[in-house]
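K.L.:
Residue numbers (the working numbering), protein chains in the order written: chain P, 39 to 144; chain R, 674 to 1055.
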C-alpha cells in the first residue's frame, strides 16, 4: 500500500501524481470515486496526472489518447496498450493505493 | 455504397478506415498506400526514432486490419470519379463507389541538390532510416528551415552530440504561427543548446565533391561545411495523380466545410484536404491531430451522401525539442494580442494566450501540459 494523500486535498476533478520506486502512479477523483493508474502514458512519455479528466476517462495531455480509469484500456489512438490499474482504499480520510499487483507480476 | 477506396495509408487513411467501420459501413474497403509499410506514427521520426531510442516496431499505429484489403507498396496513378475507377501503378483498376483521398504530401526538396548524397528530407520512415544512417559521430549537420521539423531534427542531432547549424530565411523562426516574441523564444532554444542559428539569410548554393554534399553557401557569402544537410522547408500536397479527374485542385483538394469535394462520393482528409472555413476561405492543416480528427466528419458525410457535419479543427499541435514540450492550439495567426498568463518564458515554463478583440482564440504552452489542457478547452470558436 502506498499513501496518495488526504481525501480533502483531492477534490472532484483533480488528480495527483505519486512517485514510487517502481514508477509513478496517477490518482484521480472522478466525481467522488477515486481511481489509480500508471502515471506514464502507454504511448509516449507523458504524465496522465496532468491530463484532462472527463467522467471516468482521462485524456493524455500530450497526444490526446483517452484511457478508461476503471480498466486502463485506451479508447483511441495513438495509444494501443493499456495502463495498469490499482485498487484504491480510503481509510480515515486518507487515500491508499494497493500496488501489490505489481509485485505479483514482478 | 458497397465498395469504398481509401487512397493513402498513413494516419488520415487509417483513421478513415477505422471510422468507416465505427460508423457501421460493412462493405468492402480497399486501402491503397504507396509506402510498403503498414500505417505508422510519423511524429517520432524526427525525435525518438531518429535518436535511436524508439524502434520501428513501436511506430505501428494499428494492430488490426479492420477487415479492409490493404494494397501497400502500390500507387494510385489516376482516378475517374464518375466511373468509380482508380487506376493503380500495377495496371490494375479498383472499382469503388466511394473514395477517400488521404494522400498527404511530399516534402519540398532543396533546388540544386538532386545529384548530391547526404541531402535529406524527412517525412517517411524510409527518409528517417536514411537520415539516421547518415548521422555518424562527428557529422556536421546543416538544417535548412527552422520550422517544427527543422527544429526537432536540430534538437535530436544535438542530443547525438553533432555540430548543428540551422539556416532560416526569415528573421524570426515560427513568426507566422507564434508571432515575433514567442518566435524569438524558439530561436533562444536553439542558441541555449549550442546550435549555430543563421536567421534572415537564404541559401545561395550547395557544395559537393562530385557525389556527396560538403557544404552550404549562404547569400551573405558565408560557407558552412556540411556532411549532412536536412531540408525542413515544408511540403506540397500530393495531388498530381488527381489531375484530369475533374476534382477541383488548388494547393490541395478543394472541399466544402465537411471535407466533401464537388462530387459527393469523394471526400478528402489530412494534409491534402483544403476545406472551406466559415469565412469562405480554404485552409489546409499539416498536423497529426487534423489527420486524426477530419475522418470522423468526412466519413459521416461520405456515408450520408451529403454534407451533414461541419469540420471544426482543434488546431492542436505539439513539438518536443531540446527537452522542452511545446503545445499550441486554436488560432494564433489572427490574434491582436498575446499575453503570458502563467509562468515565464525565461524559465521555459509558461502559458501564453492569443486574443482577438479580447477573446481567447489560441494558446501556447511550454512545459505546462496541465494548464494548457484546461485552457485549450476554453478557447472561443473563431
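Glycine is no exception: its CB is placed at the ideal position from the N, C-alpha and C atoms.
(1) Below 7 Å CB to CB, which residues in the same chain sit around residue 69 of chain P once its five sequence neighbours on both sides are set aside?
(2) How would you call residue 1035 of chain R, buried or exposed, if buried means at least 16 neighbouring beta carbons within 10 angstroms?
(3) Using 8 Å as the cut-off, can you tell me whether the stretch 758-777 of chain R makes contact with the stretch 867-887 of chain R, which would need three or more C-beta pairs spanning the two stretches below that distance?
(4) Looking at chain R, is there any beta carbon in it that lies within less than 9 Å of the beta carbon of residue 43 of chain P?
(5) Rounded to whole angstroms, what's the CA-CA distance from residue 78 of chain P to residue 62 of chain P? Just pull it up for me.
(6) Would residue 99 of chain P count as contacting chain R if we go by Cβ distances under 9 Å?
(7) Buried or exposed for residue 96 of chain P, please, with buried defined as at least 16 other CB atoms from any protein chain shown within 10 angstroms of its CB.
(8) Pull up the distance between the alpha-carbon of residue 958 of chain R and that of residue 688 of chain R, whole angstroms please.
(9) Quick one: what does DSSP say residue 63 of chain P is sitting in, helix, strand or coil?
(10) Just to confirm the assignment, what range does the beta strand (DSSP E) spanning residue 134 of chain P have?
(11) Run through chain P and tell me which residues come within less than 7 Å of residue 743 of chain R, C-beta to C-beta.
(12) Per DSSP, which residues does residue 74 of chain P bridge with? Please list them.
(13) Quick check on DSSP: helix, strand or coil for residue 715 of chain R?
(14) Identify which residue in R:801, R:965, R:914 and R:808 has its Cα closest to the Cα of residue 900 of chain R.
(15) Per DSSP, which one or two residues make a beta bridge with residue 1043 of chain R?
(16) Taking its Cβ as the centre, do 16 or more other Cβ atoms sit within 10 Å of residue 981 of chain R, making it buried, or is it exposed?
(17) If residue 1053 of chain R and residue 1037 of chain R are in contact, beta carbons under 8 Å, what's the gap, nearest whole angstrom?
(18) Shorter than 9 Å from the beta carbon of residue 82 of chain P to some beta carbon of chain R?
(19) Going along chain B, which residues have a C-beta under 7 Å from residue 965 of chain R?
(20) Check the Cβ-Cβ distances between residue 85 of chain P and every residue of chain R, and say whether any is below 9 Å.
(21) With 9 Å as the threshold, decide whether the Cβ of residue 995 of chain R is near any Cβ in chain P.
(22) Tell me, please, whether the CB atom of residue 962 of chain R is closer than 9 Å to any CB atom in chain P?
(23) Taking DSSP as the reference, what is the three-state secondary structure of residue 784 of chain R?
(24) Can you tell me the Cα-Cα spacing of residue 1045 of chain R and residue 85 of chain P, whole angstroms?
(25) Using a Cβ cut-off of 7 Å, pull out every chain R residue sitting near residue 89 of chain P, in sequence order please.
(26) Between the alpha carbons of residue 144 of chain P and residue 53 of chain P, how many angstroms are there, rounded?
(27) Chain P beta carbons: is any one of them nearer than 9 Å to that of residue 1043 of chain R?
(28) Residue 714 of chain R versus chain P: which residues are under 7 Å apart at the beta carbon?
(29) If we ignore side chains and look at the alpha-carbon of each, how far apart do residue 702 of chain R and residue 749 of chain R end up?
(30) Three-state secondary structure (DSSP) at residue 959 of chain R?
(31) Which runs of the beta strand (DSSP E), 3 residues or longer, sit entirely within the stretch 897-950 of chain R?
(32) Flag this pair as yes or no: are the beta carbons of residue 868 of chain R and residue 837 of chain R separated by less than 9 Å?
(33) Per DSSP, which one or two residues make a beta bridge with residue 698 of chain R?
(34) Does the separation of the CB atoms of residue 764 of chain R and residue 677 of chain R fall below 9 Å?
(35) Let me check one thing: in DSSP terms, what residues is residue 838 of chain R bridge-paired to?
(36) Out of R:965, R:1012 and R:969, state which residue places its alpha-carbon closest to the alpha-carbon of residue 989 of chain R.
P.N.:
Here's the rundown:
(1) 50
(2) buried
(3) no
(4) no
(5) 7 Å
(6) yes
(7) buried
(8) 16 Å
(9) strand
(10) 132-135
(11) In chain order: nothing, as chain P lies at least about 17 Å away.
(12) P:65 and P:124
(13) coil
(14) R:808
(15) For residue 1043 of chain R, which the question treats as bridged, DSSP gives no partner whatsoever.
(16) exposed
(17) At roughly 16 Å, the Cβ-Cβ gap does not stay under 8 Å, so residue 1053 of chain R and residue 1037 of chain R are not in contact.
(18) yes
(19) You won't find chain B in this structure, because its protein chains are P and R.
(20) yes
(21) no
(22) yes
(23) coil
(24) 13 Å
(25) 1046
(26) Model confidence at residue 144 of chain P stands at a pLDDT of 44, short of 50, so the residue's coordinates are unreliable; what they give is reported in the following sentence. Approximately 27 Å between the Cα atoms of the pair.
(27) yes
(28) 116
(29) 15 Å
(30) coil
(31) 901-904, 908-910, 926-928, 939-941 and 946-949
(32) yes
(33) Beta-bridge pairing links residue 698 of chain R to no other residue.
(34) no
(35) R:815 and R:869
(36) R:965
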